[in-house]
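Engineer:
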Amino acid sequence: MCREFSSRNIIIPLLNPKISSPAENGTQSSPQMADCLVTCASIVFFVLHIGLFLRLTAAPVAGGRRSPTNGTGNPSLSTPLQRVISVILSGIVPKTKFLSSALPPKSPTMAATASEAVVHEFPLPAILTNPASTPPTLITQGAEGRLYKTTYLLPSIPCALKYRPPKPWRHPILDQRLTRHRILSEARILSKCRRDGLRVPDVYALDESAGWLMLEWVQGTPVRVNINQRLGNRTEGIEDDEELKDLMRRIGAAVGKMHSIGIIHGDLTTSNMMLNPPAGQTETDNVSGLEGEIVIIDLGLASGGVHDEDRAVDLYVLERAFGSTHPRAECVFGEVLDAYKKSFKQAGVALKKLEEVRMRGRKRSMLG
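Numbering (the working numbering), first residue to last: 329 to 696.
#1: Looking at the structure shown, is Thr-479 part of a helix, part of a strand, or coil, going by DSSP?
#2: Using DSSP's beta-bridge definition, name the partner residues of Glu-658.
#3: Check whether the Cβ atoms of Lys-520 and Ile-591 sit closer than 9 Å, and answer yes or no.
#4: In whole angstroms, give me the CA-to-CA distance for Pro-605 and Gly-548.
#5: I'd like to know if the segment 560 to 573 and the segment 499 to 517 are in contact, where contact means that at least 3 CB-CB pairs between them fall below 8 Å.
#6: Where does Arg-562 sit, in a helix, a strand or coil, going by DSSP?
#7: Do you know whose CA, among Asp-574, Arg-474, Ala-538, Cys-368, lies nearest Pro-500's CA?
#8: Where do the N-terminal and C-terminal ends of the alpha helix (DSSP H) with Ala-640 fall, by residue?
#9: In three-state DSSP terms, what is Gln-547?
#10: Within the chosen definition, does the segment 529 to 538 reach the segment 637 to 645 through at least 3 CB pairs nearer than 8 Å?
#11: Could you tell me the alpha carbon to alpha carbon distance between Ser-652 and Pro-459, rounded to whole angstroms?
#12: With DSSP collapsed to three states, give me the class of Val-528.
#13: Do you know how far the Cα of Val-366 is from the Cα of Leu-376?
#14: Within 10 Å of its beta-carbon, does Lys-573 have 16 or more other beta-carbons around it, so buried, or fewer, so exposed?
#15: Leaving aside the five residues before and after Val-623 along the sequence, list all residues of the same chain whose C-beta is less than 6 Å from its C-beta, in chain order.
#16: Just to confirm, is the Cβ distance from Gln-674 to Ser-599 under 9 Å?
#17: I need the straight-line Cα distance from Gly-676 to Thr-478, nearest angstrom please.
#18: In this structure, how does DSSP classify Ser-631 when only helix, strand and coil are distinguished?
#19: Could you give the distance in angstroms between the alpha-carbon of Leu-541 and the alpha-carbon of Lys-490?
#20: Using a Cβ-Cβ cutoff of less than 8 Å, which residues in the same chain neighbour Pro-486 once the five nearest sequence positions on both sides are dropped?
#21: Where Met-687 and Lys-681 are concerned, what is the direct C-alpha to C-alpha distance, given to the nearest angstrom?
#22: By Cβ distance, which residues of its chain are closer than 8 Å to Met-438, with the 5 residues on each side in sequence left out?
#23: Measure the C-alpha to C-alpha separation of Phe-672 and Gly-628 and round it to an integer number of angstroms.
#24: Which of the three DSSP states is assigned to Gly-391 in this structure?
#25: Given a threshold of 16 other Cβ atoms within 10 Å of its Cβ, counted over all protein chains shown, does Asp-642 qualify as buried or as exposed?
#26: From the DSSP output, in three-state form, read off Leu-506 for me.
#27: Can Leu-646 and Leu-596 be called in contact, C-beta distance under 9 Å?
#28: By Cβ distance below 6 Å, which residues in the same chain neighbour Pro-453 in space, the five residues on each side in sequence not counted?
#29: From this set, Ile-467, Ala-667, Ala-488, Gly-594, which residue's C-alpha is nearest Ile-455's C-alpha?
#30: Please list, in chain order, all residues of the same chain as Lys-495 whose beta carbon is under 7 Å from its beta carbon, the five residues on each side excluded.
#31: In whole angstroms, what is the alpha-carbon distance linking Gly-594 and Tyr-644?
#32: My guess is that Arg-656 and Leu-559 are in contact by the Cβ rule of under 8 Å, so how many angstroms apart are they, rounded?
#33: Given that a residue counts as buried once 16 or more other Cβ atoms are within 10 Å of its Cβ, and exposed if not, what is Arg-498?
#34: Just the C-alpha distance for Glu-663 and Gln-557, rounded to the nearest angstrom, thanks.
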């Protein structure tokens with residue numbers, strides 16, 4: 329019997345030094361074989377009892393308290409002994425309840441219920457719950473926060489309120505520090521841009537502890553909307569559209585101005601640029617037109633930087649976003665780079681870096 333299983337010939341002599349391998353004795357006597365079987369049975373019996381003990385200690389106890397989990401719903405194995413025994417059990421008892429594969433598959437109804445359970449309805453910031461003020465209007469919701477239109481300051485002055493709600497999946501202290509840092513950073517960058525002559529929303533008020541930033545409400549529409557309305561269903565003659573080219577030059581000049589004062593946007597797209605219509609025109613009048621001033625918005629990911637690599641990555645993000653959002657207008661994107669070169673003295677070095685970033689094919693530099 330020991331000759332049929334080569335692994336047993338190796339393991340049993342290690343567990344019991346009195347039993348030598350068949351290579352040394354030829355064949356084993358029946359007492360030695362009995363000792364071999366008893367030893368194997370004892371090991372299996374011991375391991376199974378340890379597994380039962382672990383399951384009992386991991387089960388819910390009185391009062392509704394449950395054992396710690398490792399993030400997957402399975403009991404966490406905190407000690408080295410528990411981890412070693414779990415590995416042994418995974419080989420001996422493959423269908424043990426420690427393994428997620430042993431659990432029954434979830435039905436579509438259960439999956440839908442679970443997905444609905446993780447949706448959190450964040451409350452409004454305290455500043456917007458004042459009964460004396462007009463209820464705010466939710467404009468958009470992103471991954472980091474929400475944008476409201478409110479007349480909190482004066483009924484005749486609309487303003488935009490960016491609110492970063494608490495993230496329940498983050499540690500409260502870490503969440504407060506991140507929110508505070510990001511709100512203060514965006515407010516400082518916006519103030520610097522306004523001071524240096526770049527058209528961005530003005531900062532009215534902020535409360536970094538409560539997680540909100542109140543900004544000027546920029547009249548107009550996103551550049552993305554105006555370009556799409558201008559293109560319509562056209563497939564020819566786009567490269568000869570002088571009004572569209574002029575808009576591209578204004579975009580390039582705005583980006584060049586931003587880089588010249590040492591600001592890196594971090595998320596340059598035509599959705600993060602507003603086209604502020606001239607005085608006397610409304611948003612509806614200018615949807616199909618391309619007149620107006622470029623206003624750069626959403627500087628939540630912006631940072632201060634004077635490295636040409638960062639500027640090149642900023643341009644690369646804009647180029648890729650423009651190509652994916654307006655593929656038919658890629659033929660006029662060169663106007664953006666030409667205007668960028670004219671408005672920024674160090675544009676030559678940044679454009680050379682842009683060629684390297686294109687060859688590399690990465691949007692972010694991986695340093696560290």
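All C-beta atoms in this analysis are idealised placements derived from N, C-alpha and C, irrespective of residue type, glycine included.
Structural biologist: Considering the structure as presented:
#1: strand
#2: BP columns for Glu-658 are empty, so no partner.
#3: yes
#4: 6 Å
#5: no
#6: coil
#7: Ala-538
#8: 636 to 653
#9: coil
#10: no
#11: 44 Å
#12: coil
#13: 15 Å
#14: buried
#15: Arg-527, Val-546, Met-602, Asn-604
#16: no
#17: 43 Å
#18: strand
#19: 5 Å
#20: Lys-477, Thr-478, Thr-479, Trp-545
#21: 10 Å
#22: Only weak support exists for where Met-438 lies, its pLDDT of 41 falling under 50; the coordinates are left without a value.
#23: 23 Å
#24: Any reading at Gly-391 is ruled out, since the residue's pLDDT is 43, under 50, leaving its predicted position unreliable.
#25: buried
#26: helix
#27: yes
#28: Tyr-491, Ala-538, Trp-540
#29: Ala-488
#30: Asp-503
#31: 10 Å
#32: 6 Å
#33: exposed
#34: 19 Å
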